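Protein chains: 2
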Amino acid sequence: MPSKEMYALGSQASVIRDLFAYGQEQAAVVGRENVFDFSIGNPTVPAPACVKEAIEEIVATRQSVDVHGYTAAAGDLAVRRGLADYMNQTYDAGVSADNFYMTCGAAASLTVTLKALVESPEDEVIVVAPFFPEYTVFIHNAGAKEVVLPPDTEHFQISLEAMEQAITPHTRAIIVNSPNNPAGTVYSADTYTKLAALLTKKSADIGHSIYLISDEPYREIIYDGLPILYVPKFYANTIICYSYSKSLSLPGERIGYILVPDCAADAKAVYTAVCGAGRAMGFVCAPHLFQDVVLKCMGKLSDMNIYDENRKLLYNGLKEMGYECVYPSGAFYLFVKSPEPDANAFSEKAKKLNLLIVPADSFGCPGYVRISYCVDPDMIRRSFAAFKTLIESYA
Amino acid sequence: MPSKEMYALGSQASVIRDLFAYGQEQAAVVGRENVFDFSIGNPTVPAPACVKEAIEEIVATRQSVDVHGYTAAAGDLAVRRGLADYMNQTYDAGVSADNFYMTCGAAASLTVTLKALVESPEDEVIVVAPFFPEYTVFIHNAGAKEVVLPPDTEHFQISLEAMEQAITPHTRAIIVNSPNNPAGTVYSADTYTKLAALLTKKSADIGHSIYLISDEPYREIIYDGLPILYVPKFYANTIICYSYSKSLSLPGERIGYILVPDCAADAKAVYTAVCGAGRAMGFVCAPHLFQDVVLKCMGKLSDMNIYDENRKLLYNGLKEMGYECVYPSGAFYLFVKSPEPDANAFSEKAKKLNLLIVPADSFGCPGYVRISYCVDPDMIRRSFAAFKTLIESYA
């Protein structure tokens with residue numbers, strides 16, 4: 020028999036994937052137009068035109084061996100230089116090529132960073148509810164313990180009192196994710212300022228640096244003209260994990276990066292450990308063609324207006340019906356309070372109306388559901404009758 | 020400070036990379052044409068034309084979201100079906116789509132397979148010297164102990180007596196690699212037959228199945244009309260790790276697969292654990308565009324004749340000068356016995372003549388050097404004078 024732990028991970032049912040599969044089945048029964056699948060977070064907006072153009076130009080003009088050969092383990096130097104230039108121009112980041120390690124996407128950015136940082140099985144990594152459930156898997160893979168910070172359901176920022184209590188001498192790192200999956204909220208400058216003060220104080224108390232891992236796959240999906248904050252400016256000891264899955268709609272190509280800025284504690288050593296962790300898990304290098312594609316598309320984005328339109332349509336529509344919705348400032352998720360305490364029961368009732376929405380228990384936030392709006396806007400409109408029937412059943 | 024273990028892995032000098040870097044520096048001093056770099060195993064033969072055609076056709080005819088979206092974690096179903104058909108037609112493998120898990124290349128195939136199989140820190144994984152040194156890193160990442168089988172320097176097959184002694188109740192798996200890096204040799208049907216008999220007997224003795232992990236990135240680089248052997252036909256309990264890095268010259272694109280045939284012990288459970296291990300390490304899915312590219316290029320190969328020509332040129336040339344060479348039957352490496360017992364000293368002397376060859380100590384085979392011939396044939400010809408000077412210094 021294989022590893023029990025890996026077998027369990029491989030066989031674990033995912034609420035999201037199960038809902039998605041159910042939706043596919045139901046579509047065959049009641050017609051695709053009568054199933055309202057808000058379960059998954061798969062970008063529906065096409066990649067910007069520069070992606071196709073970049074691919075075509077690269078394969079037309081370069082030698083095969085140059086296009087598809089190995090790059091350095093950390094990524095092609097020209098790509099990392101371009102990335103540093105872009106980050107310096109955009110965020111005044113003060114970084115260079117040597118601060119970047121190109122990865123096979125957001126998940127790899129996290130597993131590599133965590134493995135680089137975790138030293139002992141007593142190490143603790145704090146996650147802030149609501150949070151992406153795969154964090155748990157990645158923290159365990161790195162050999163650390165997960166500590167869950169309860170959600171701040173008033174503002175969906177970070178409860179600093181709870182954070183202060185959660186930090187122990189074993190705290191190694193904290194993962195934050197803004198714009199947030201699943202809450203669709205964005206941390207404010209005030210939140211980062213206060214968090215930084217707390218972490219600086221607690222690092223001194225416990226006698227070692229606490230790393231902030233800023234997981235930013237939704238960085239540019241932010242609305243109402245809110246500024247994008249460069250987190251190391253608030254807390255120096257930050258490592259950024261990024262992915263182009265959402266900003267360039269390239270989730271299947273597995274391309275992203277880890278940024279270890281010089282201001283992070285033991286930055287050079289951490290960067291070296293990142294290289295070691297990537298090596299240990301067999302990443303070798305990030306996919307070469309798409310390293311060059313993101314270089315050519317630096318600063319370009321998929322059309323975020325489409326998500327913004329969906330956001331307004333869904334938020335206003337549901338609010339009018341009487342749903343209690345968390346105001347969505349980023350990402351492409353609407354977080355809605357369940358009209359009954361058990362969000363699973365609520366989701367089951369929704370499912371009977373072919374409305375597929377995800378109870379947030381697995382995100383560490385019971386009593387809420389996640390409604391993903393990276394969907395066809397027509398589906399949102401068609402779904403309103405069912406959403407209305409659903410809320411009226413609680414009247 | 021980060022993880023000491025990952026820091027060490029990230030900062031470890033690699034003999035091969037150091038030689039390669041030295042060659043780049045020397046080229047600036049003495050001219051590129053006077054440096055004979057046989058250090059690395061980076062394919063120099065272009066990808067077959069179908070790769071470029073496939074990329075162009077896919078991006079021209081499909082919607083961006085379909086080209087670049089997530090696939091199932093195990094890989095796109097159509098790709099796995101195509102792969103199963105190909106393996107059934109070519110090797111009468113009797114496999115289906117459900118036996119394949121698409122990976123980010125050979126290294127990922129190995130790290131995922133090892134993590135899926137290893138249950139306890141007492142588990143042992145046997146490697147057969149000479150072997151690819153990253154196996155050690157991957158085995159440790161999975162949490163197992165490495166056991167090194169000494170090289171059979173007479174035939175470069177597998178010493179069955181040594182294998183019998185190496186197997187203990189803790190033996191979980193054995194990694195074999197044929198065609199072999201670094202020896203350039205190919206295991207015979209006789210070797211597999213005898214190995215299978217031994218493993219079957221020992222599995223019964225120790226009361227659990229011993230998995231054979233067949234690492235096959237060089238599968239199709241095989242000469243003199245030797246047959247490609249489908250290893251599960253010899254030993255049912257085999258898991259195949261494959262990569263398109265060499266066969267399609269796509270090392271930078273990170274695309275390969277794991278095949279868990281139904282005949283392997285607990286095949287369904289192992290496959291599930293493979294899915295779990297991929298998930299734990301953050302692989303998510305293999306790069307989507309290149310999954311579709313390998314489907315369109317199924318059965319196609321880079322021009323292997325170029326390697327074959329290099330092989331004959333180098334082998335005959337060095338043999339004539341008096342070098343003791345292992346006859347190369349596969350891959351693109353010539354394995355040469357050092358004229359003095361210390362291959363490091365020999366390599367250092369070669370380096371003074373700008374001949375960059377890799378001492379095989381790190382491959383578990385002291386006294387030998389690896390000469391990689393995935394190089395420009397003109398460089399081989401130009402290098403002969405230096406090789407002659409070198410061997411004559413031992414006269």
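These protein sequence lines are chains A and B, in that order.
Residue numbering for the first sequence follows our numbering, starting at 20 and increasing by one per position.
Residue numbering for the second sequence follows our numbering, starting at 20 and increasing by one per position.
Cβ coordinates follow ideal geometry from the N, Cα and C atoms, glycine included.
Given the structure is predicted, the values throughout are model-derived calculations rather than measurements.
Query	Result
Alpha helix (DSSP H) segment containing T420 (chain A), residue limits	In the structure as shown, chain A starts at 20 and stops at 414, and residue 420 (chain A) therefore has no counterpart that could be examined.
For K164 (chain A): DSSP bridge partner residues	A:E143
Straight-line gap, P270 (chain A) to Y263 (chain B) (C-alpha atoms, nearest Å)	21 Å
Under 7 Å (Cβ pairs) to chain A, residues found in the segment 114-137 of chain B	C123, G124, A126, A127, L129, T130, K134, A135, L136 and V137
Any 3 or more C-beta pairs closer than 8 Å across the segment 20-33 of chain B and the segment 337-349 of chain A	no
C-alpha gap between I177 (chain B) and T210 (chain B), whole angstroms	7 Å
Among B:P170, B:I277, B:A299 and B:A40, nearest to L231 (chain B) - alpha-carbon criterion	B:I277
Nearest-angstrom Cα separation, counted from L214 (chain B) out to D224 (chain B)	15 Å
Residues that T155 (chain B) contacts on chain A, provided the C-beta gap is smaller than 9 Å	The contacting residues do not exist; T155 (chain B) stays about 11 Å from chain A at best.
Where the alpha helix (DSSP H) containing L136 (chain B) begins and where it ends	G124 to L136
Beta-carbon gap between V54 (chain B) and Q45 (chain B) smaller than 8 Å	yes
Own chain residues within Cβ distance below 6 Å of N113 (chain A), not counting five before or after	One detail in the question is off: residue 113 (chain A) reads as Gly in this sequence, not Asn. There are no such residues.
G42 (chain A) to I399 (chain A) span [Cα, whole Å]	15 Å
Partner residues on chain A for P65 (chain B), Cβ-Cβ distance less than 9 Å	Q82, S83, V84 and H87
Buried or exposed by the 16-neighbour rule on C-beta atoms within 10 Å, applied to P318 (chain A)	The residue you asked about is not Pro; residue 318 (chain A) is Gly in the sequence shown. Result: exposed.
Listed by chain order, chain B residues near C304 (chain A) by CB distance under 8 Å	G271 and R273
Whether V312 (chain A) touches V86 (chain A) by CB criterion (8 Å)	no
Where Y413 (chain B) falls, given that 16 or more other Cβ within 10 Å makes a residue buried	exposed
Three or more C-beta pairs below 8 Å linking the segment 163-181 of chain B and the segment 136-153 of chain B	yes
Proximal chain B residues relative to C294 (chain A), where beta-carbon distance stays under 7 Å	G29
Residue-chain proximity (K23 (chain A), chain B), Cβ-Cβ < 8 Å	yes
Local conformation of D56 (chain B) per DSSP, three classes	strand
For L28 (chain A) and V377 (chain A), believed in contact at Cβ under 8 Å, the rounded distance	Actually they are not in contact, since the Cβ atoms of V377 (chain A) and L28 (chain A) sit about 20 Å apart, beyond 8 Å.
Residue burial classification, G203 (chain A) (beta-carbon count within 10 angstroms, cutoff 16)	buried
C-beta neighbour in chain B for S74 (chain A), strict 8 Å	It should be noted that the sequence gives Ile, not Ser, for residue 74 (chain A). So, interface residue.
Assigned exposure category for S402 (chain B) - 16 Cβ within 10 Å defines buried	buried
R389 (chain A) - DSSP class collapsed to helix/strand/coil	strand
Contacts of S268 (chain A) in chain B (Cβ-Cβ under 9 Å)	S83, V84, H87 and G88
Beta strand (DSSP E) segments (min. 3 residues) lying fully within the segment 247-306 of chain A	257-262 and 275-278
Strand pairing of Y120 (chain B), partner residues [DSSP]	B:I277
Chain-ordered chain A contacts of H189 (chain B) [CB-CB under 7 Å]	Within chain A, no residue comes near H189 (chain B); the closest Cβ sits about 14 Å away, beyond 7 Å.
Where the alpha helix (DSSP H) containing T109 (chain A) begins and where it ends	L96 to Y110
Exposure of R51 (chain A), with buried meaning 16 or more beta-carbon neighbours within 10 Å	exposed
Nearest residue (CA-CA) to A32 (chain A), options A:I410, A:S381 and A:A405	A:S381
Residue from A:L102, A:F119, A:A68 and A:V84 whose Cα sits closest to the Cα of P67 (chain B)	A:V84
Within chain A, partners of A299 (chain B) - CB distance below 7 Å	M25, L28, V156 and N160
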